[in-house]
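Here's the structure we're looking at; comments come further down.
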Amino acid sequence: MPVYQAQLVELGRVVATTRFEAHSDQAAGKEADESADWRRGQWAAVTRVPTEPEPTIASRVTADDPAKEEGDTP
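Just so you know, we're using the UniProt record's numbering here: the sequence shown kicks off at 1 and counts up by one.
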């Protein structure tokens, strides 16, 4: 099952973050929405957690990856 991250946002500020597993994007959204308190102005921002971490700048430099970010130094 994919892992999702939900951020509970209240009046524009993240007040809590949690990770959980769900069968689908819709199920993840439903679970996160049920945790929000609409009367307090809360909503849940849900994102899928990538299965592999992004490569670090150091690993891209050593691999001579053309996707180097501007300002990176070798």
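Where is the CB? At the ideal position from N, CA and C, for every residue including glycine.
Determine the extent of the beta strand (DSSP E) in which residue i is found, giving its start and end residues.
i	result
Thr47	42-48
Ala22	First-last for Ala22: undefined, no H or E at that position.
Leu8	3-10
Thinking C-alpha only, which one of the options is nearest residue i?
i	options	result
Gly12	Lys30, Ala44, Phe20	Ala44
Leu8	Glu52, Ala58, Gly29	Gly29
Val14	Thr51, Pro53, Val3, Ala36	Ala36
Would you kindly check if the distance between the Cβ of residue j and the Cβ of residue i is under 8 angstroms?
i	j	result
Ala16	Met1	no
Phe20	Glu31	yes
Val46	Ala6	yes
How about residue i: is its C-beta nearer than 8 angstroms to some C-beta of chain B?
i	result
Val61	Of the protein chains in this structure there is only one, and it is not chain B.
Could you check where the alpha helix (DSSP H) with residue i kicks off and where it finishes?
i	result
Ala32	25-35
Thr56	No alpha helix (DSSP H) holds Thr56; DSSP gives it neither H nor E.
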